[in-house]
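Protein chains in written order, with my numbering: chain A, 1 to 316; chain B, 1 to 316.
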């Protein structure tokens, strides 16, 4: 039965919208992507209409769909699904879940976009077969989701998984959240690029040509400052993952997102740092691996909210 | 029905054995305590016999008991219950769960002693009414247990909850587990006392008169070095709790154990440090409170393994 189920999946990030149809085994049968906002807008309703127009482009018969799963950048009030994505200023307490349920006439469920990536890694990616998985996205921010005992952990307010705000340094830097020493304040793409810039990397370039992506490219070409920045990020990630591993007794940590594309330039210092920070036998057996799914993972995880609620949905 | 259920509970720490009879509402109806080892022994069988003799002193009719719940110092292989407690060298891979089930002719379940304290705080203590609780013991070590979504989190090997090995400092100190910067390496009683001693506290005293307990007493009397040591421990606890709170989206952190008896001398710097380390709104609403139960909490939590398996037991 479940294999025949079809679900509409939506993935809303700061820079792109994606929609797709996902089957009961987590295969994306068709999808559409667009930049976000498209068209550029400070009108929340207009952004919703752009999203609905993208859904209209899908060829699957609406009557075949059993529900809509939504991943969206945080923060949000959960499970009610009133979203205020950091990178989408036109949505503040926007009732995305309710509006999509109403417009599409489908049962709708929603979670943080990084949580959806973690779900996808557990269901169909690098975490398959493991019951205790931290899925991470290292990109514009550092986000994540936590699956323990084979189930998604939501926490008190649906915000569990915020590994980007684990504390990895004692005295600095100050994070955009206001706290001192958060992992994200070191390892996110913009923070990596800003640190490298202060060390002399691409000093003659405009800011849009010194992104995290540019940094990863330069590091691959051997730029020593870019390599040092990834080394610093990897070491910080190792500390944050050590704390998460000992606290939660993880099997697998799966890391995706643009910065993870740096491969060994990130994963080697990460592993070295992690090994210095975990002493207990049980924790030393954790495996840190690149995410197994690519850019479709947000859609796959969003669909899982509908397809496997017994594992991934504790909301109302 | 459940209210009438009676369970034998056992709490085995490095310095004491406790046994008791606990009813379905978590009340300890009778109990016995003895130092451990008693008599001092390097014979694991003799220690088991001492434990069984203590159980014989209980007056409750054995036929009324529905099972035995055991809390024991770690590490252990779980759920099989082969224990190798750090402070009980005569038990190495000792099949405690199986032996007690056999000797007592009762179904037996086992967990880490700090996990049992966390369970007790969730069931009957400071965490009542909350679904997402970190229970901590700050004592000879720094241990804990994690209840998320209303259920005990076991992790991959039954070792979830090891908050004492969250990383709180970047470069030092080295922990007995081998890792760098663990919370326990700063905030446990022996590490606190050792730090204070190096700063000139009780330099003329023998080592058994400069314990964590002595340090707490001196701090209460205003000894500035003892106060500084608790301040340092509180600040480290705040960092570790910040990481756990953002990762797990906790409602409540309940802290027991001898060092927690320092009260505001520990909790005030803890709270100040925590507030510097959590910026996200959801995390700022966490409450850090003293444990609500006293020395019986280990027995209450051990009993809960039998009484409320749907929340606290995922083993076989």
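Note that CB positions come from ideal geometry on N, CA and C, so glycine has one too.
- According to the Cβ coordinates, are residue 65/B and residue 28/B closer than 8 Å? Numbered from 1 along the second chain, position 65 holds the residue referred to as residue 65/B. Numbered from 1 along the second chain, position 28 holds the residue referred to as residue 28/B. Result no, Cβ atoms of residue 65/B and residue 28/B do not sit closer than 8 Å.
- Taking Cβ-Cβ distances below 9 Å as the criterion, which residues of the region 138 to 149 of chain B are in contact with chain A? 144, 146, 148 and 149
- How about residue 72/B: is its C-beta nearer than 8 Å to some C-beta of chain A? For the purposes of this step, residue 72/B is identified with residue 72 of the second chain, where counting begins at 1. Cβ-Cβ to chain A under 8 Å: no for residue 72/B.
- Any beta-carbon of chain B closer than 8 Å to the one on residue 282/A? Numbered from 1 along the first chain, position 282 holds the residue referred to as residue 282/A. Taking Cβ atoms only, chain B reaches closer than 8 Å to residue 282/A, which makes this a yes.
- Query: residue 251/A CB to nearest chain B CB: under 8 Å?
  - Reply: Taking the first residue of the first chain as position 1, residue 251/A is located at position 251. Chain B, which has a Cβ nearer than 8 Å to the Cβ of residue 251/A, makes this yes.
- In its own chain, which residues sit with a C-beta less than 8 Å from the C-beta of residue 87/A, not counting the 5 before and 5 after it? Translated into positions along the first chain, residue 87/A becomes position 87. Within the same chain, residue 87/A has close Cβ partners 13, 14, 15, 73 and 140.
- Query: Taking the C-alpha atoms as reference points, what is the distance between residue 33/B and residue 17/B?
  - Reply: Locating residue 33/B in the second chain gives position 33, where the first residue counts as 1. Locating residue 17/B in the second chain gives position 17, where the first residue counts as 1. Spanning the two alpha carbons is a distance of roughly 6 Å.
- Where does residue 151/A land, buried or exposed, given buried means 16+ other C-beta within 10 angstroms? Within the first chain, the letter at position 151 stands for residue 151/A. Residue 151/A comes out buried.
- Item | Simplified DSSP state of residue 11/B, which is helix, strand or coil | Taking the second chain and counting its residues from 1, one reaches residue 11/B at position 11. Strand.
- residue 111/A versus residue 144/A - alpha carbon distance: The residue given as residue 111/A occupies position 111 in the first chain. The residue given as residue 144/A occupies position 144 in the first chain. Roughly 11 Å between the two C-alpha positions.
- Task: Just mark residue 200/B as buried or exposed, buried being the case when its beta carbon has 16 or more other beta carbons within 10 Å.
- Result: Here the question's residue 200/B lines up with position 200 in the second chain. Looking at its Cβ environment, which holds fewer than 16 other Cβ atoms inside 10 Å, residue 200/B is exposed.
- Message: In this structure, how does DSSP classify residue 31/A when only helix, strand and coil are distinguished?
- Response: For the purposes of this step, residue 31/A is taken as residue 31 along the first chain, with counting starting at 1. Residue 31/A falls in the strand class under three-state DSSP.
- Distance between residue 92/B and residue 53/B (C-alpha atoms, nearest Å): Within the second chain, numbered from 1, the residue matching residue 53/B stands at position 53. Within the second chain, numbered from 1, the residue matching residue 92/B stands at position 92. Straight-line Cα distance between these residues: approximately 21 Å.
- By the 10 Å Cβ neighbour count, where 16 or more other Cβ atoms means buried, how is residue 171/B classified, buried or exposed? Working through the second chain from its first residue, we reach residue 171/B at position 171. It counts as exposed.
- Message: Can you give me the C-alpha to C-alpha distance between residue 297/A and residue 26/A, rounded to a whole angstrom?
- Response: By one-based count along the first chain, residue 297/A stands at place 297. By one-based count along the first chain, residue 26/A stands at place 26. Straight-line Cα distance between these residues: approximately 9 Å.
- Enumerate in chain order the residues of its own chain whose CB-to-CB distance from residue 178/B is below 8 Å, with the five nearest sequence positions on each side excluded. Indexing the second chain from 1 puts residue 178/B at position 178. Same-chain partners within the cutoff: there are none.
- Query: Interface residues of chain A around residue 157/B at Cβ under 7 Å?
  - Reply: Indexing the second chain from 1 puts residue 157/B at position 157. Those are 249 and 282, listed as they occur along chain A.
- Does DSSP classify residue 177/A as helix, strand or coil? By one-based count along the first chain, residue 177/A stands at place 177. If DSSP states are grouped into helix, strand and coil, residue 177/A belongs with coil.
- Message: Pop quiz: residue 257/A and residue 138/A are said to be a contact at Cβ under 8 Å. What is the actual Cβ separation, rounded to whole angstroms?
- Response: Start at 1 with the first residue of the first chain, and residue 257/A comes out as number 257. Start at 1 with the first residue of the first chain, and residue 138/A comes out as number 138. Their Cβ separation, rounded to whole angstroms, is 4 Å, which keeps residue 257/A and residue 138/A in contact under 8 Å.
- Message: Can you pull the chain A neighbours of residue 177/B, defined as C-beta to C-beta under 7 Å?
- Response: In the second chain, the residue the question calls residue 177/B occupies position 177. Within chain A, the residues near residue 177/B are 279 and 280.
- Per-residue burial, residue 129/A [other beta carbons within 10 Å of its own, 16 or more giving buried]: Residue 129/A sits at position 129 when you count from the first residue of the first chain. Classification for residue 129/A: exposed.
- Item | Sequence-distant residues of its chain with Cβ nearer than 7 Å to residue 99/A (five each side left out) | Along the first chain, read from residue 1 onward, the residue named residue 99/A stands at position 99. Once the five neighbours on either side are set aside, the close Cβ partners of residue 99/A are 48.
- Message: If contacts are defined as beta-carbon pairs under 8 Å, then residue 304/A and residue 119/A qualify, I think. What distance do you get, rounded to the angstrom?
- Response: As a position in the first chain, residue 304/A is number 304, starting the count at 1. As a position in the first chain, residue 119/A is number 119, starting the count at 1. With 8 Å as the limit, residue 304/A and residue 119/A qualify as a contact, their Cβ atoms being about 5 Å apart.
- Query: Are residue 301/B and residue 71/B touching if we call contact CB-CB under 8 Å?
  - Reply: Position 301 of the second chain, counted from the start, is the residue given in the question as residue 301/B. Position 71 of the second chain, counted from the start, is the residue given in the question as residue 71/B. Yes, they are a contact pair.
- Looking at C-alpha atoms only, which residue of 154/A, 235/A, 67/A and 142/A is the closest neighbour of residue 311/A? Mapped onto the first chain, residue 311/A falls at position 311. For the residues 154/A, 235/A, 67/A and 142/A, the minimum Cα distance to residue 311/A belongs to 154/A.
- Query: Is the CB of residue 31/A under 8 Å away from at least one CB in chain B?
  - Reply: What you label residue 31/A is simply residue 31 of the first chain in a count that begins at 1. Residue 31/A does not count as touching chain B.
- Message: For residue 50/A and residue 125/A, what's the separation of their Cα atoms in angstroms?
- Response: The residue you call residue 50/A lines up with position 50 of the first chain. The residue you call residue 125/A lines up with position 125 of the first chain. Residue 50/A and residue 125/A: Cα-Cα distance of roughly 30 Å.
- Test: residue 308/A CB closer than 8 Å to a CB of chain B: Along the first chain, read from residue 1 onward, the residue named residue 308/A stands at position 308. Answer no: the Cβ-Cβ gap between residue 308/A and chain B never drops below 8 Å.
- Task: Identify the contact partners of residue 276/B in chain A, using a Cβ-Cβ distance below 8 Å as the criterion.
- Result: As a position in the second chain, residue 276/B is number 276, starting the count at 1. By Cβ distance, chain A contributes 179 and 180.
- Message: Quick check on DSSP: helix, strand or coil for residue 305/A?
- Response: Here residue 305/A is taken as the residue at index 305 of the first chain, counted from 1. Three-state result, residue 305/A: helix.
- Task: Answer with buried or exposed for residue 251/B, where buried requires no fewer than 16 other C-beta atoms within 10 angstroms of its C-beta.
- Result: Position 251 of the second chain, counting from 1, holds the residue named residue 251/B. Buried, because 16 or more other Cβ atoms sit within 10 Å of the Cβ of residue 251/B.
- Whose CA, out of 212/A, 9/A and 115/A, lies closest to the CA of residue 227/A? For the purposes of this step, residue 227/A is identified with residue 227 of the first chain, where counting begins at 1. Selected option, being the one with the closest Cα: 212/A.
- Distance CB(residue 306/B)-CB(residue 109/B) smaller than 8 Å: For this step, residue 306/B is matched to residue 306 along the second chain. For this step, residue 109/B is matched to residue 109 along the second chain. Yes, Cβ-Cβ distance for residue 306/B and residue 109/B is below 8 Å.
- Message: Quick check on residue 1/B: buried or exposed, where buried means 16 or more other Cβ atoms within 10 Å of its Cβ?
- Response: Counted from its first residue, the second chain places residue 1/B at position 1. A caution first: residue 1/B carries a pLDDT of 46, below 50, which makes its placement in the model unreliable, though a value can still be read off. Classification for residue 1/B: exposed.
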